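Visitor: Handing you this structure, nothing more for now.
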Amino acid sequence: MTICKKPSGKTGLDKEGEGAVTEPPQHSRQNGWSWPPHPLQFVAWFTYLLFTILGFGILVPLLPRHWIAAGYVCMGVLFTFHCIVHFLAVTIDPADENVRAKSSPGPLPVFDRTKHAHVIENMHCYICEVDV
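At position 32 of the sequence shown (counting the first as 1) the number is 32 in UniProt numbering, and the numbers step up by one without a gap.
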């Protein structure tokens, strides 16, 4: 509680045994095209499609007659640039080369927080057991 009797909003670690048990992921994704897709990927593509329809189908036609051509050109360039950057971001593999070189088959190991505070410490990944 703060002076104003409101919760401070600070977060901390759960005490042992109180937190929900989460299962580790069964596989590692290579990039955004790896199956199964994350639900937020569907949200991102739907939002892009929605803004494309709204921008080109509603907003640009509502511009004054002498601004319509400029509206289509500017919006077209921006949407095309954004689409290219989005495809590149989804396609690029964000993993370190050493992690991909090891590529151990099977499920990923569980990280034990009693041994290490962070997954990567001193440039060493304790899940993959490789230097990054």
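Where a beta carbon is used, it is the ideal one built from N, C-alpha and C, also for glycine.
Values in this document were obtained by computation on a predicted structure and should not be read as measured data.
What does a CB cutoff of less than 6 Å around Y72 pick up in its chain, not counting 5 residues either side in sequence?
Guide: Against the sequence shown, residue 72 aligns to sequence position 72. So the qualifying residues of the chain are V60.
Visitor: Beta carbon of D96, beta carbon of Q30: below 7 Å?
Guide: The residue given as residue 96 occupies position 96 in the sequence shown. The residue given as residue 30 occupies position 30 in the sequence shown. The answer is no: Cβ separation not under 7 Å.
Visitor: Starting from the Cα of G76, find the closest Cα among F56, L49, V85 and give me that residue.
Guide: By 1-based counting over the sequence shown, the position of residue 76 is 76. Checked all of F56, L49, V85; the closest Cα to G76 is F56.
Visitor: Go ahead and pull the three-state DSSP assignment for residue 135.
Guide: Missing from the structure shown is residue 135; the chain here goes from 1 to 132 and no further.
Visitor: Please indicate yes or no: does the CB of A95 lie closer than 6 Å to some heavy atom of the ligand ZN?
Guide: With respect to the ligand ZN, the structure offers nothing, as it holds no ligand at all.
Visitor: Pick helix, strand or coil for I92, following the three-state DSSP scheme.
Guide: Within the sequence shown, numbered from 1, the residue matching residue 92 stands at position 92. For I92, the three-state secondary structure derived from DSSP is coil.
Visitor: Quick check on the DSSP output: the alpha helix (DSSP H) that includes V43 runs from which residue to which?
Guide: As a position in the sequence shown, residue 43 is number 43, starting the count at 1. Where V43 is concerned, the enclosing alpha helix (DSSP H) stretches over 39-54.
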